RNA sequence: CGGGGCGUAGCGCAGUCCGGUUAGCGCGCCUGGUUCGGGACUAGGAGGCCGGAGGUUCGAAUCCUCUCGCCCCGACCA
């Protein structure tokens, strides 16, 4: 890239991060806006990323004992209204169907914003005794929350997600489940998305409506803002009580089940874009890249073009048989340079160039999306080295993202200091925390930042709360967030 | 819901203040030729109810009224 100009049609992320984000989505053909406000079309390339996420996560859910099921899109309005906190949290953003079949419905139907209520309704029928527990279900679905301010992938009126719902005999089991799934999400983010996350618990203000405790994984985006990548809730018996989800224990006593629910959404695609993208567009971590290796044949008018094509095809075939997602860009109406840029914008982690000169030298030229220098590898041993190269790219991207986050994480002791620093240095701010909801409101009003979470991993020791001055042993993380 | 911006070719825009023949530019697209190791060149070509409705005028993309929609920034949220 030797000092060449920035990618065409992409605003520099330093100039305007929000516009850069939109430009990348457009140029990489991830999504397009839809005729309905707040909704978006996920284009094939963007959807392919989501499918890779789904496939991996689904495997992790199965491996932890969950099975998939599907519950209806429409929920009787009365269901939502049963749990006080839940209604309060969701009523402003509900889409409600009042007419169908040519007439007004007796009871309006809510388009699910989440499925705790309808699932509890069914659980109460399915669960009789402790022998039916734990019940461990997941569903892949779309949900609708009427958004005032949509952003592609991050916040759309309709979005795709997965919601896990479990019921257990004891609080301890349900809490263990809550933490287990938070761990699954953290692992996924690190191992697949190459995004480091901070697992923690939400404050009361940020808690899911209806949960006892809400846990989160918080990731840092390229502008220093935080993004909640996934949530896992311990629901206690809140929904069980209103839906009478009960079981008979060993002593023949009726008990409420203890529950968890947890989810991640297409928002993760947005997280990927903003955690790894650069001025030239998208950068995809290899394990979530629809195309991991693109092979560009060069000199397609050259007398030896057919040799070049043969070598390219052979290489792709070999890689595919090894389980590497490789493809040859054999379009003959585009110059190599155009193709380089085309695939760079789309974030393909590894590119292989093969031309007559390479054939003469018995090697191919490689370029990593996350590095500037090109290098060569002998043809004889090239394909065998690709898996390790891809793993290396993953490790490098994870390290880059981690280093970036560390460089943007600050410790502050007073609210004044925080107020002064956060506008000029957006990032994660660690503070001693013993504040109330009112304190949080004040923080948000005066700085636009929020308490992202109280990390599970605490440093120990104690200090004075940066708002109240009270002694506390709790450290919290504050940031501006999406 | 507040504040700001924008609707003109598939995409990005100019033209609008100050009305005047056939509405322009770049990219993309189609056809031919030449090209191909970092966004190729060239010749020709296709493509528009100037967001919608009403008005003013001899004449409206341009002026007036009303509408619809989109985007950005804030409040709410995964």
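Residue numbers (the numbering used here): 11 to 492. We put the beta carbon where it would ideally sit given N, CA and C, even for glycine. Since we're looking at a predicted model, the values are computed, not measured.
In the three-state reduction of the DSSP assignment, residue 454 falls in the helix class, which pools H, G and I. Counting only the Cα atoms, residue 403 lies some 31 angstroms from residue 421. Under a 10 Å Cβ-count criterion, residue 56 is classified as buried, with 16 or more other Cβ atoms of the shown protein chains found around its own Cβ. In the three-state scheme derived from DSSP, where H, G and I count as helix and E and B as strand, residue 230 is classed as strand.
A Cβ-Cβ distance of about 6 angstroms is found for the pair residue 339 and residue 304, placing them in contact under the 8 angstroms criterion. Secondary structure at residue 195: helix, using DSSP grouped into helix, strand and coil. Beta-bridge analysis with DSSP links residue 113 to 110. Cα atoms of residue 220 and residue 145: separation of roughly 20 angstroms, rounded to the nearest angstrom.
For residue 72 and residue 187, the gap between their C-alpha atoms comes out near 14 angstroms. With at least 16 other beta carbons inside 10 angstroms of its own, residue 202 counts as buried.
Counting every other CB atom within 10 Å of its CB across the protein chains shown gives residue 178 a total of 16 or more, marking it as buried. For residue 48, the secondary structure class from DSSP, reduced to helix, strand or coil, is coil. In the displayed model, residue 386 falls within a strand according to three-state DSSP. Per DSSP, residue 33 is not a residue of any beta strand (DSSP E); the alpha helix (DSSP H) it occupies stretches across 27–37. Judged by pairs of C-beta atoms under 8 angstroms, the segment 442–462 does not touch the segment 406–414, as fewer than three such pairs exist. Shown here, residue 492 sits in coil according to DSSP, grouped into three states, outside any helix or strand. Taking all protein chains in view, the Cβ of residue 348 is surrounded by fewer than 16 other Cβ atoms within 10 Å, so the residue is classified as exposed. The beta carbon of residue 100 sits closer than 7 angstroms to those of 90, 123, 219, all from its chain and outside the five residues before and after it, given in chain order. Around the Cβ of residue 302, a 10 Å sphere holds 16 or more other Cβ atoms; the residue is buried. A contact is defined here as three or more CB-CB pairs under 8 angstroms, and the segment 140–160 meets this definition with respect to the segment 29–48.
For residue 194, the number of other beta carbons within 10 angstroms of its own is at least 16, and it is reported as buried. Here residue 435 carries a coil assignment [DSSP, helix/strand/coil]. Every unbroken stretch of the beta strand (DSSP E) spanning 3 or more residues and falling wholly within the segment 325–383 is given here in chain order: 336–338, 360–364, 373–378.
Each residue's CA atom was taken as its position, placing residue 470 and residue 77 some 39 angstroms apart. If you draw a 10 Å sphere on the C-beta of residue 113, you find fewer than 16 other C-beta atoms in it, and that means exposed. For the pair residue 18 and residue 32, the Cα-to-Cα distance works out to about 14 angstroms. Contact between residue 199 and residue 211 is absent: CB atoms are separated by about 17 angstroms, not below the 8 angstroms threshold.
With contact defined as three or more Cβ pairs closer than 8 angstroms, the segment 235–255 and the segment 319–336 are not in contact. Less than 7 angstroms divides the Cβ of residue 477 from the Cβ of residue 425.
Nearest in C-alpha terms to residue 299, of all of 265, 327, 271, 361, is 361. For the pair residue 94 and residue 355, the CB atoms are not nearer than the 7 angstroms cut-off.
Out of 20, 401, 142, 30, the CA that lies nearest to the CA of residue 267 is found in 142. Contact between residue 369 and residue 276 fails: their C-beta atoms lie close to 43 angstroms from each other, not under 8 angstroms. Nearest in C-alpha terms to residue 291, of all of 357, 271, 231, 423, is 357. Per the DSSP secondary-structure output, residue 307 pairs in a beta bridge with 364.
Residue 40 sits buried, since 16 or more C-beta atoms from the chains shown fall within 10 Å of its C-beta.
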